[in-house]
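Below is one structure, written out as structure tokens; the observations come after it.
Protein chains in written order, with the numbering used here: chain W, 1005 to 1223; chain L, 32 to 269.
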């Protein structure tokens, strides 16, 4: 094993890792925002809203992320006649894909809150939206921290798929270095270790958040 | 204050309320008793539209339900639940001030002053900063009453307010309710506490199989029940 090569490749790989973190963080953020609305739509009593949200979730969970990336990057320009920036395509595909999973997490979180909470809020004259905002969502938020953490980790790993559209994140950087050096073993090992460090860090962060809010609950 | 005309409510194929007529006057305390499953809770829940009636007409304080903005009606109708339903992520103070601030637009300081006054009234002035789970059941229910009162409702609905409480806590909640009745609050109370019905009720309704089977003053109902079902019910619980 060529340790010198690994040391040399590290800085380049790490800049790739920064890009991976950026895509993941942005996609998670957008995914949470979209997912919250889709999740609420999933429990809507309006049939059409409910149905549209269900189809959205089914489509995104029922097709591979890789295919979704191709759809955004290669198929969409055929329709619009405009090339799409790989960074935009990567973020769009990852965040939309993630929003479907996040929506299901939020839906489950909201439905796990006792129905009496909504009744109490409504009986005081608050609207459905006010009760959601001040009563239901804050309580659901604490319960969705662990599954959201899992989704964050899954997305970080899945973001390696955007390397197929030539977007230079961690995995793509690794491929490019190997193309030059033929050092498959060393470089893929480095790439794997960097991913591992990132995912373990996230799971620690999530565990910390979980503990923090547990304490809040018992205050 | 409240007028219910020919109220019917079905859940699927089960008809829970089969034509209920009821008038509650201002400052009147009406106690609703009856076997479980008789529809008494459903009747109460229809009055603030937590259950939508299948047919019939309900008018609360001149507002016809189904035609008026329901949030306006509910702001005037306080509701106390069997299971308290306090907001567990908020302090007692925030539980009480939330709705006045969001619905009535009451300034925070005024809402908090109001809340403290109400907490004093229910004997919990020192627990404003506590979270619901740090309180006993009886204390939680008293906070729930204060929360409902904070909206300055014209009517208070109580849905079996003491049924989920340990026996030694029932009294402290009933005392608060008696105090309210003395102050002239219009109240409709679903309960199994016959002592309370006798002492505080202006009128007692006996609900069975989705209709009001018998009604009258506590004296008439408890001492001279006419209906056989009513006699049978009383013999089981008294």
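Cβ atoms here follow ideal geometry from the backbone N, Cα and C, with glycine treated the same way.
Within the region 1104-1132 of chain W, those residues whose Cβ lies closer than 7 Å to any Cβ of chain L are, in chain order, 1120, 1121, 1123, 1124, 1126, 1127, 1128, 1129, 1130, 1131. Around the CB of residue 127 of chain L, 16 or more other CB atoms lie within 10 Å, so the residue is classed as buried. Counting along the chain, residue 1021 of chain W sits inside the alpha helix (DSSP H) bounded by residues 1007-1046. Counting only residues of its own chain and dropping the five nearest sequence neighbours on each side, residue 1164 of chain W has a CB closer than 6 Å to the CB of 1175.
For residue 1179 of chain W, the nearest beta carbon of chain L is not closer than 8 Å to its own beta carbon. Residue 1111 of chain W sits buried, since 16 or more C-beta atoms from the chains shown fall within 10 Å of its C-beta.
When Cβ pairs closer than 8 Å are counted between the two stretches, the region 1205-1218 of chain W is seen not to touch the region 1114-1122 of chain W, the count staying below three. Contact annotation, residue 35 of chain L with residue 89 of chain L: C-beta distance approximately 5 Å; criterion of less than 8 Å satisfied.
Among the residues facing chain L, residue 1077 of chain W is not included, as its CB has no counterpart in that chain under 8 Å away. For residue 115 of chain L, no beta strand (DSSP E) segment is defined, and its DSSP state is neither H nor E. In the DSSP assignment, residue 219 of chain L falls within the unbroken beta strand (DSSP E) covering 217-221. Just so you know, the alpha carbons of residue 253 of chain L and residue 265 of chain L end up roughly 8 Å apart. Of the residues L/192, L/95, L/223, L/66, the one whose Cα lies closest to the Cα of residue 208 of chain L is L/192. Those residues of the region 121-141 of chain L placed with their C-beta closer than 7 Å to a C-beta in chain W are 129, 130, 133, 134, ordered along the chain.
Using a Cβ-Cβ distance cut-off of 8 Å, the region 1030-1042 of chain W and the region 1090-1110 of chain W are in contact, since at least three pairs of beta carbons, one from each stretch, lie closer than that value.
Excluding five sequence positions before and after residue 1091 of chain W, the CB atoms of its chain that fall closer than 7 Å to its own CB belong to 1171, given in chain order.
Within chain W, the C-beta atoms nearer than 7 Å to that of residue 110 of chain L come from 1127, in chain order.
Taking a Cβ-Cβ threshold of 8 Å, the residues of chain W close to residue 81 of chain L are 1123, 1126, 1127, in chain order.
L/86 is the residue among L/52, L/86, L/56, L/160 whose C-alpha sits nearest the C-alpha of residue 40 of chain L. Between residue 184 of chain L and residue 171 of chain L, the CB-CB gap reaches or exceeds 8 Å.
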